[in-house]
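According to mature numbering (1 follows the signal peptide of the UniProt record, and there is no 0), the stretch in the sequence shown is residues -20 to -1, 1 to 174, in order. No residue lacks a Cβ here, since even glycine has one placed at the ideal position from N, Cα and C. What you are looking at is a predicted structure, and each value in this text was computed from that prediction instead of being measured.
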Amino acid sequence: MLRKNIITCLSLAIISMSVACNGGDDKAKEKDSKEVAEDVNEQKFTKDSSESNAQLLVDVAAANYHEIEMATIAKEKSKDNDIRTLSDMLIADHNKVLAEVKDMASKKSVTLPVAESDDSKKASQEFRDKKAADFNKDWVKAMTDAHEKSISKFESIVNDSKADGEMKTWAGNTLPALRAHLDKLTQLKAKFKE
């Protein structure tokens, strides 16, 4: 009986602490995941190079969340086999990159976003709401633009004197896959040209 009372009291204490820690501040839940990560890293790192490396990881993580979401939407909405096949590749490759970013961030004590940024969520929602007739062409254009930006970001990491050696090597090793994605998107762009 005493053991049962102790377990009940401990359970109530844990539940109370969970509610106290998680409840009450809805504004914290609404804040953009990318902004939260940037704020935490800004306070955590004092050297410019460390903060710059942290920002690069945050940006890459946020971009990967968005590209995974966009590929998922394409799998759901597009009837085109080439887009669906490319979407499978994008989801697999960008999940791999995201896992590598998380691993690097963990080693460097960098806080990452846990989801798409608010702006990316809006863009994703626009594609969810898009008419089927416009979807393929607009999706290919958006993903082409996103991959061009990603390639530019990765090239800047490789050439950045502030980026550490591990990040430079990783970015250099990731670039071929991003370029392969862009090549496939360029082929699809020609297919869906009006």
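Roughly how many whole angstroms lie between the Cα atoms of residue i and residue j?
i	j	result
residue 92	residue 168	32 Å
residue 156	residue 131	9 Å
residue 97	residue 104	10 Å
residue 5	residue 35	Because residue 5 sits at a pLDDT of 46, beneath the cut-off of 50, its placement in the model cannot be relied upon, and the following sentence gives the value as read from the coordinates. The straight-line gap from Cα to Cα measures roughly 26 Å.
residue 8	residue 170	Below a pLDDT of 50, predicted positions are generally treated as unreliable, and residue 8, at 46, falls in that range; no measurement from the model is reported.
residue 117	residue 71	19 Å
residue 119	residue 106	10 Å
For residue i, is the classification buried or exposed, using 16 other Cβ atoms within 10 angstroms of its Cβ as the cut-off for buried?
i	result
residue 65	exposed
residue 79	exposed
residue 90	buried
residue 44	buried
residue 141	exposed
residue -17	Note that residue -17 scores a pLDDT of 44, beneath 50, so its modelled location is shaky and nothing firm can be said.
residue 164	buried
residue 73	buried
Indicate whether residue i and residue j have their beta-carbon atoms separated by less than 8 Å.
i	j	result
residue 100	residue 46	yes
residue 38	residue 154	no
residue 33	residue 147	yes
residue 53	residue 108	yes
residue 41	residue 81	yes
residue 51	residue 67	yes
Compute the beta-carbon to beta-carbon distance between residue i and residue j, rounded to the nearest angstrom, for a pair I have assumed lies under 8 Å.
i	j	result
residue 134	residue 151	5 Å
residue 57	residue 112	7 Å
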